[in-house]
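Comments concern the structure below.
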Amino acid sequence: MFLTSVGMIVGKITSKSQTTVPLAVRRALRIELGDEIAWEIEGERAYVVKAPRPAAGFAPDFSQFTEWADELDTDYDRL
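The sequence shown begins at 1 in UniProt numbering and counts up by one.
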């Protein structure tokens, strides 16, 4: 990781499409072990932000997310 002349912190993507969140970014966003991050995409730019924590007792209903469902999901649900 290094700082470019335009003030950007640069990192690399590994062969497994992973990267390390640099210490300066973790400190700026107050990211700690176990926190989640979210990617916001705007045009050709992506921003990383600390993901908001759900309210206490909140349980997401993932049954509404059918956009990516396929036959394998349906077959698994029948088991």
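We treat Cβ as the ideally placed atom computed from N, Cα and C, and that holds for glycine.
1) Closest by CA to Val10, which one among Pro22, Gln18, Ser17?
2) Does the beta-carbon distance from Lys16 to Ile37 come in below 8 Å?
3) Are Trp39 and Val25 close, meaning C-beta to C-beta below 8 Å?
4) In angstroms with no decimal places, state the Cα-to-Cα distance between Pro54 and Ile31.
Taking the structure as given:
1) Residue mapping note: residue 10 aligns to position 10 of the sequence shown, counting from 1. A check of alpha carbon separations from Val10 across Pro22, Gln18, Ser17 identifies Pro22 as the nearest.
2) One-based indexing of the sequence shown puts residue 16 at position 16. One-based indexing of the sequence shown puts residue 37 at position 37. No, Cβ-Cβ distance for Lys16 and Ile37 is not below 8 Å.
3) Looking up residue 39 in the sequence shown gives position 39. Looking up residue 25 in the sequence shown gives position 25. Not closer than 8 Å, so no.
4) For the purposes of this step, residue 54 is taken as the residue at position 54 of the sequence shown. For the purposes of this step, residue 31 is taken as the residue at position 31 of the sequence shown. So the two alpha carbons sit approximately 16 Å from each other.
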